[in-house]
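Data block below; observations after.
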Amino acid sequence: MILTFFHDLIRSIILGIVEGITEWLPISSTGHLIIIEELIGYISSDAFMEMFDVVIQLGAILAVVVIYFKKLNPFDREKTQVEKTNTINLWIKVIIACIPAAVIGLLLDDWLEEHLFNSTVVAIALIVYGVAFIVIENRRNRDSIKCKNLDKMPLQTAVGIGLFQVLALIPGTSRSGSTIIGGLLLGTTRYVATEFTFFLAIPVMLGASLLKLVKFGLPSFYELVMLIVGMFVSFVVSVLAIKFLLSYIKKNNFKIFGYYRIALGIIVLIYFNLIR
367 MILTFFHDLI RSIILGIVEG ITEWLPISST GHLIIIEELI GYISSDAFME
417 MFDVVIQLGA ILAVVVIYFK KLNPFDREKT QVEKTNTINL WIKVIIACIP
467 AAVIGLLLDD WLEEHLFNST VVAIALIVYG VAFIVIENRR NRDSIKCKNL
517 DKMPLQTAVG IGLFQVLALI PGTSRSGSTI IGGLLLGTTR YVATEFTFFL
567 AIPVMLGASL LKLVKFGLPS FYELVMLIVG MFVSFVVSVL AIKFLLSYIK
617 KNNFKIFGYY RIALGIIVLI YFNLIR
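Residue numbers for the sequence shown follow this note's numbering, so the first one is 367 and each next one is one higher.
Structure representation (structure tokens):
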């Protein structure tokens, strides 16, 4: 029993690390978790792991809230009235942009799990979006950039990015990957697209986590410990991953993530269809 506990504890830590890195980099947390869980095994049961993979995102969400607390807080006394208004407008854009994914996700949650959560779909999505990143970056020029300030992002641009977020319901696409691609295609800078992606994650991932908890029911004390460990590790690693990505895109484009996605997609296809 003690040995099992330590094995599961290590699994929780590893999965928390993977979630913290891959949730924010546009490389698909689902794709990576599928591979890692195949290699290190499951904790408790299949049903618990299905819930665990989603709920540890709460740790990742908390990282965004902590890093951007001042920017996201419309009641900050140090803010001017204009800054408070900008914050409220930002939240309005985030909430409206999340509606399409929330509605379709609720309606199709069970169908998506039954038909699309498999290695082949994940691999194809990894490759397709990897190619998309490379093509978009190659064709991108200064004239295509229309939104350089998140506070001045038009509502229609926010809604458009929200529609791209619907594509993230397909496993392997990456929620951050879908919304960043949407932002780039709609004329935002890399930095604006990335920050808006972070903020969109708060209501979407919170809702998805609560839905999984309700469907799974109350976890056992043992499962709860593993879940808390995974969320804590995810939080710590997410803080580092977010700061790395924001620093990276100031001087670089997203093509490296495109190449990585293509390579990973090919590995997933080969492993699950030819080796496993």
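By construction, the Cβ of each residue, glycine as well, lies at the ideal position given by its N, Cα and C atoms.
Residue i to residue j span [Cα, whole Å]
i              : j                 : result
leucine 381    : asparagine 507    : 38 Å
valine 384     : tyrosine 614      : 19 Å
isoleucine 622 : arginine 556      : 14 Å
isoleucine 608 : isoleucine 433    : 9 Å
lysine 581     : leucine 474       : 14 Å
arginine 627   : tyrosine 495      : 7 Å
aspartate 476  : proline 569       : 20 Å
leucine 521    : isoleucine 461    : 11 Å
alanine 491    : phenylalanine 638 : 15 Å
leucine 405    : arginine 642      : 11 Å
serine 471     : threonine 446     : A small correction: the amino acid at residue 471 is glycine; serine does not occupy that position in the sequence shown. Near 37 Å, if we compare the C-alpha coordinates of threonine 446 and glycine 471.
aspartate 509  : asparagine 515    : 16 Å
leucine 640    : isoleucine 633    : 10 Å
valine 420     : valine 532        : 17 Å
leucine 572    : phenylalanine 601 : 14 Å
serine 540     : serine 575        : 16 Å
leucine 593    : valine 525        : 33 Å
leucine 590    : phenylalanine 610 : 30 Å
serine 411     : cysteine 513      : 46 Å
C-beta atoms of residue i and residue j nearer than 9 Å
i                 : j              : result
glycine 548       : isoleucine 511 : no
valine 488        : glycine 631    : yes
phenylalanine 371 : glycine 596    : no
isoleucine 546    : alanine 567    : no
alanine 426       : glycine 397    : no
threonine 453     : proline 466    : no
lysine 578        : glutamate 416  : yes
leucine 375       : threonine 388  : no
threonine 563     : isoleucine 527 : yes
phenylalanine 565 : valine 430     : yes
arginine 443      : isoleucine 409 : no
Three-way DSSP call (helix, strand, coil) for residue i in this model
i                 : result
threonine 555     : coil
proline 392       : coil
isoleucine 422    : coil
threonine 446     : coil
serine 540        : coil
leucine 369       : helix
phenylalanine 528 : In the sequence as displayed, the identity of residue 528 is glycine instead of phenylalanine. Looking at glycine 528 - three-state DSSP - the assignment turns out to be helix.
methionine 519    : coil
proline 585       : coil
isoleucine 409    : coil
asparagine 639    : helix
arginine 627      : helix
Residues sharing a beta bridge with residue i, DSSP
i            : result
cysteine 513 : Thr554
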